[in-house]
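Under this note's numbering, the residues of the sequence shown are numbered 293 to 551, in order.
Quick reminder that beta carbons are idealized off the backbone N, C-alpha and C, glycines included.
Only a predicted model underlies this, so the values are computations on that prediction, with no experimental measurement involved.
Working notes, beginning with the structure itself.
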Amino acid sequence: MAARGIACVVAVLALLPPLARAETNGELLDRLVRAYPDALSGHDDKSITWRDGTVMPVDDGVSDKPFDQLLRNASILDQMRQPYPSGPSVPPAVNVDPGRFRNEAFFKKMYGDCNTGEVKRNLVTISWLPKSWGKPVQVTRVNGIAERLKQVSAEIEALDPALRAAAFPIAGVLSCRAVADTGRMSMHGYAAAIDLNLKVSDYWLWAGKGEGKGKTIPYRNRMPQQIVDIFERHGFIWGGKWYHYDTMHFEYRPELLEK
Ligand SMILES: [Zn+2]
């Protein structure tokens, strides 16, 4: 009987799709270089090379960092460790925050430092949802983000009005500030993130109020999947796929979407 039981288990396992294999460091770095062709020229095992010749280490030699250390001190490899699930997704498991680990040196090099006026030099003005809202918004032109947001805007305009309403008025793009719980510069500091309509948004810190420490954060979301799909097609990840969710937030992170 036991042998037959084992045979059954083996037969069932054989029918299941293989588990996704974790990518090697080399594969992660290939993906990073492919995602930012204007900025990066290549990599080896230890570093990435920028088109201006700058070499940056991909690892800081610290292994098994706890979650809060990954939020505060992510290496370039750390920032790609958690795979981002594109398309429809279930509420994220505890501390699954794909995209919230960011290496600050990497993004400052890419977009500049908003405290010294470097980000400002690359700002351009676009009209967000010109048919439905049409207010001027300043975004970075680095990595073609301004052009990409124009395409996102045009695709959102084509949605049903009830869905489109979640995308305006926007809550903001450029904001030179740190993320509340990490102390690290937000992607808004680089003008590479956009917050949509505050009225239909949910944020983990609002939900967490009144919850005892150690309790699971209850997930909430009212952002239409159609809007998420449009942003993802253009290289933007969505804050609704984080355990520490921020459902109005989209940021340009093509390295997490690039297949
Ligand atoms: Zn945001």
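Give the straight-line distance between the Cα atoms of residue i and residue j, rounded to the nearest whole angstrom.
i, j, result
"Tyr-544", "Ile-529", "6 Å"
"Met-477", "Ala-483", "11 Å"
"Thr-346", "Val-325", "14 Å"
"Asp-360", "Thr-474", "8 Å"
"Lys-491", "Trp-425", "16 Å"
"Asp-336", "Ser-467", "34 Å"
"Glu-315", "Tyr-495", "30 Å"
"Val-431", "Pro-380", "27 Å"
"Lys-427", "Leu-421", "8 Å"
"Glu-439", "Leu-363", "30 Å"
"Ser-317", "Pro-384", "Position check: residue 317 holds Asn in this sequence, whereas Ser was assumed. Going by the C-alpha atoms only, they are around 24 Å apart."
"Thr-508", "Asp-344", "45 Å"
"Asp-521", "Ser-493", "17 Å"
"Val-429", "Val-444", "14 Å"
"Val-354", "Tyr-511", "32 Å"
"Lys-338", "Asn-407", "30 Å"
"Gly-409", "Lys-401", "13 Å"
"Ala-463", "Ala-470", "16 Å"
Return yes when the Cβ of residue j is within less than 8 Å of the Cβ of residue i, no when it is not.
i, j, result
"Leu-441", "Gln-518", "no"
"Leu-332", "Val-350", "no"
"Gly-404", "Asn-414", "yes"
"Asn-489", "Pro-461", "yes"
"Glu-524", "Ala-327", "no"
"Met-515", "Gly-532", "yes"
"Arg-433", "Val-416", "yes"
"Leu-497", "Ala-472", "yes"
"Phe-393", "Asp-370", "yes"
"Tyr-535", "Asn-513", "no"
"Ile-448", "Val-465", "no"
"Pro-358", "Gln-374", "no"
Quick check: is any heavy atom of ligand 1 less than 7 Å from the C-beta of residue i?
i, result
"Ala-470", "no"
"His-541", "yes"
"Asp-473", "no"
"His-526", "no"
"His-480", "yes"
"Ala-485", "yes"
"Asp-494", "no"
"Asp-538", "yes"
What are the partner residues of residue i, as DSSP defines its beta bridges?
i, result
"Pro-349", "Ser-339"
"Ile-486", "Phe-542"
"Ser-419", "Pro-428"
"Met-477", "Ala-470"
"Tyr-328", "None; Tyr-328 has no bridge partner."
"Gly-334", "Thr-341"
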